[in-house]
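Down below is the structure, laid out as structure tokens.
Residue numbers (full-length UniProt numbering), protein chains in the order written: chain G, 1 to 337; chain X, 1 to 337.
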């Protein structure tokens with residue numbers, strides 16, 4: 001079987017360009033003893049992949065040069081020389097950026113092929129789902145009635161966080177950039193209030209207005225993806241004993257001069273705020289519980305897919321560029337077959 | 001009985017001056033039915049009293065004009081018309097800034113007069129003790145072996161935090177301003193390392209040096225009193241899953257332009273740091289446990305008094321000024337009789 005794959009040819013300097021990559025085709029032979037052959041159905045791209053293109057120390061190793069990159073993928077078993085896998089099985093792997101591959105059984109995790117649409121295992125039933133679930137349930141200890149503010153609410157994780165909070169009986173205020181994303185928050189995610197941060201001269205005033213509009217006194221939980229003036233607004237509108245789950249601070253990653261905000265960090269003390277950073281990989285013990293809950297919500301029509309889909313491995317780089325243009329809504333995925 | 005007391009005559013604008021106060025003498029008649037007459041032995045002053053001189057909304061009401069100010073005091077019962085109190089009892093009240101008073105029994109709390117020196121009830125067995133204890137034990141969930149960094153380590157609360165951490169088997173790095181305070185940290189509080197932040201061009205480099213000097217990889221717990229570059233240094237040197245108990249951020253209270261630090265707040269996420277603000281009043285349920293522990297440590301010679309003492313009610317304002325000159329070490333107290 002032939003498989004096309006996206007290889008890293010050289011390490012990008014600054015913004016990656018097409019010439020840093022190549023699309024190569026290679027033969028996938030019949031699987032050897034202990035191996036399983038998989039045809040990928042879907043792969044997902046995420047901004048953290050940019051980090052792995054550098055030769056830098058992190059909690060995941062860098063991508064190798066002249067080899068297919070890695071990334072989350074969901075595929076179907078074609079042939080198996082391992083007793084635990086049979087043709088037709090649905091499997092999750094980290095072996096994305098390629099159409100097909102042979103791998104030892106240890107690189108694969110079986111997924112229920114009937115409970116959910118295949119791509120959900122890369123989205124609300126996958127790492128974005130676990131990230132939102134662990135952040136709200138374990139880090140922020142969300143309970144029914146908490147007023148929840150979600151930044152980057154139209155993103156892969158934020159869009160799931162909004163729906164988890166809404167499903168748990170919490171009023172949700174989401175923030176995103178531009179009218180299309182705000183419409184998506186209102187119509188698909190069904191948040192109680194949506195802020196277009198690009199259209200607001202003061203995010204703090206906008207958040208105060210929306211808190212008042214939903215009849216609340218402040219926010220109890222902040223799902224932090226952005227940092228900067230979003231964090232400042234959240235501190236300003238926080239109720240006493242608010243919990244901030246820090247999933248990311250994307251506005252601050254490329255700030256080389258002194259960040260100008262938040263100016264009100266002392267509110268952590270006066271309002272007794274708990275602010276805690278986390279990484280979903282530390283919370284894999286919640287995965288089974290999360291999948292069960294997501295499956296139930298999906299069956300009840302309470303967990304909408306939030307995804308931007310590209311078709312074909314030759315569009316995988318376009319999908320990746322789309323992450324940085326700000327155009328994509330929800331999880332960015334590539335349909336491979 | 002005559003009692004001298006310090007009254008607030010007018011609300012200070014900016015820095016309080018002597019003319020904002022007066023020392024008045026008044027007669028304290030025999031106590032009425034249900035009242036107890038107390039002669040104060042000690043009172044304590046703290047920086048939060050400045051806030052109560054303003055007519056501003058807070059979690060404690062402002063001081064009234066033309067009346068004795070309030071503050072923590074420890075005194076001896078002189079006469080009692082309440083069955084729960086007898087002459088000679090040691091009592092805590094919020095009726096400081098005066099030599100003697102009559103009060104209903106409900107304004108008094110009895111203290112053990114044998115277990116500890118009287119003034120300890122205003123210091124390590126009082127609110128400063130509870131603040132340090134709740135911050136380390138409940139908020140930061142301190143455990144033996146944690147590397148602890150304490151800012152404002154020679155202050156009323158910081159000096160107790162250093163000793164609690166040391167007594168619990170934790171290496172302690174303290175920061176204070178000036179050679180006298182650093183000597184106090186080393187010789188009286190017996191910290192493992194002390195930083196004179198006024199003498200260090202980079203607090204982050206100084207903390208890195210001291211962490212290395214004690215053979216550690218970073219800090220596990222930060223007891224935050226200061227904010228600004230102390231917080232930045234603590235974030236830089238934090239180990240993964242470090243806990244920051246935010247007791248105060250005194251460097252930030254009078255910053256009117258944008259604070260330039262911390263520049264590394266994103267480390268909250270990458271290092272999975274938990275940062276939590278608290279106010280000791282929310283943790284009164286820990287008081288009995290704290291007193292028991294402090295009494296045991298004191299009896300074992302493991303809890304040094306850290307206090308700057310002024311003598312006489314007429315020196316109470318000098319004690320208060322001393323809080324802001326930076327000269328005082330430990331709890332600032334006035335011996336009243």
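The beta-carbon is built from N, C-alpha and C at its ideal position, and this holds for glycine as well. Since the model is a prediction, treat every value here as computed from it, not as a measurement.
Check residue i in the structure and name its three-state DSSP category.
{"i": "residue 26 of chain G", "result": "strand"}
{"i": "residue 251 of chain X", "result": "helix"}
{"i": "residue 18 of chain G", "result": "helix"}
{"i": "residue 167 of chain G", "result": "helix"}
{"i": "residue 266 of chain X", "result": "coil"}
{"i": "residue 110 of chain G", "result": "strand"}
{"i": "residue 309 of chain G", "result": "strand"}
{"i": "residue 184 of chain G", "result": "helix"}
{"i": "residue 172 of chain X", "result": "strand"}
{"i": "residue 335 of chain X", "result": "strand"}
{"i": "residue 37 of chain G", "result": "strand"}
{"i": "residue 153 of chain X", "result": "coil"}
{"i": "residue 196 of chain X", "result": "strand"}
{"i": "residue 139 of chain G", "result": "helix"}
{"i": "residue 279 of chain X", "result": "coil"}
{"i": "residue 77 of chain G", "result": "strand"}
{"i": "residue 115 of chain X", "result": "coil"}
{"i": "residue 146 of chain X", "result": "coil"}
{"i": "residue 231 of chain X", "result": "helix"}
{"i": "residue 85 of chain G", "result": "coil"}
{"i": "residue 324 of chain X", "result": "helix"}
{"i": "residue 46 of chain G", "result": "coil"}
{"i": "residue 133 of chain G", "result": "helix"}
{"i": "residue 246 of chain X", "result": "strand"}
{"i": "residue 318 of chain X", "result": "helix"}
{"i": "residue 261 of chain G", "result": "coil"}
{"i": "residue 68 of chain X", "result": "strand"}
{"i": "residue 51 of chain G", "result": "helix"}
Would you mind working out which of the options sits nearest residue i, comparing C-alpha positions?
{"i": "residue 198 of chain X", "options": "X/182, X/178, X/184", "result": "X/178"}
{"i": "residue 145 of chain G", "options": "G/41, G/164, G/271, G/132", "result": "G/164"}
{"i": "residue 244 of chain G", "options": "G/110, G/220, G/89", "result": "G/220"}
{"i": "residue 80 of chain G", "options": "G/74, G/73, G/88", "result": "G/88"}
{"i": "residue 32 of chain X", "options": "X/48, X/103, X/53, X/75", "result": "X/103"}
{"i": "residue 11 of chain G", "options": "G/226, G/52, G/328", "result": "G/52"}
{"i": "residue 261 of chain G", "options": "G/202, G/36, G/58", "result": "G/202"}
{"i": "residue 230 of chain G", "options": "G/276, G/154, G/271, G/150", "result": "G/150"}
{"i": "residue 288 of chain X", "options": "X/125, X/99, X/5, X/9", "result": "X/125"}
{"i": "residue 36 of chain X", "options": "X/180, X/20, X/49, X/95", "result": "X/95"}
{"i": "residue 209 of chain X", "options": "X/191, X/182, X/237", "result": "X/237"}
{"i": "residue 23 of chain G", "options": "G/302, G/97, G/297, G/192", "result": "G/97"}
{"i": "residue 233 of chain G", "options": "G/206, G/214, G/185, G/66", "result": "G/206"}
{"i": "residue 337 of chain X", "options": "X/312, X/204, X/70", "result": "X/312"}
{"i": "residue 109 of chain X", "options": "X/131, X/86, X/46", "result": "X/86"}
{"i": "residue 172 of chain X", "options": "X/186, X/180, X/200", "result": "X/186"}
{"i": "residue 183 of chain G", "options": "G/282, G/306, G/297, G/134", "result": "G/306"}
{"i": "residue 327 of chain X", "options": "X/6, X/228, X/180", "result": "X/180"}
{"i": "residue 38 of chain X", "options": "X/192, X/330, X/92, X/64", "result": "X/92"}
{"i": "residue 41 of chain G", "options": "G/77, G/47, G/62", "result": "G/77"}
{"i": "residue 137 of chain G", "options": "G/176, G/153, G/62, G/246", "result": "G/246"}
{"i": "residue 225 of chain X", "options": "G/252, G/61, G/265", "result": "G/265"}
Listing by chain order, which chain X residues have their CB less than 8 Å from the CB of residue i?
{"i": "residue 252 of chain G", "result": "265, 266"}
What residues of chain X sit near residue i, judged by a beta carbon separation below 7 Å?
{"i": "residue 246 of chain G", "result": "268, 269"}
Which bits of chain X does residue i rub up against, with CB to CB less than 9 Å?
{"i": "residue 249 of chain G", "result": "265, 266, 268, 269"}
Which partner residues of residue i appear in the DSSP bridge assignment?
{"i": "residue 121 of chain X", "result": "According to DSSP, residue 121 of chain X bridges with nothing at all."}
{"i": "residue 94 of chain G", "result": "In the DSSP output, where bridge partners are listed per residue, residue 94 of chain G has none listed."}
{"i": "residue 284 of chain G", "result": "For residue 284 of chain G, which the question treats as bridged, DSSP gives no partner whatsoever."}
{"i": "residue 5 of chain G", "result": "G/24, G/98"}
{"i": "residue 104 of chain X", "result": "X/35"}
{"i": "residue 238 of chain G", "result": "G/219"}
{"i": "residue 274 of chain G", "result": "G/243, X/276"}
{"i": "residue 224 of chain X", "result": "X/246"}
- What residues from the segment 266–295 of chain X come within 9 Å of chain G, judged by C-beta to C-beta, listed N to C? 266, 267, 268, 269, 270, 271, 272, 273, 274, 275, 276, 277, 278, 279, 282
task: Could you run through the segment 216–232 of chain X and flag, in chain order, every residue whose CB is less than 9 Å away from some CB of chain G?
output: 224, 227, 231
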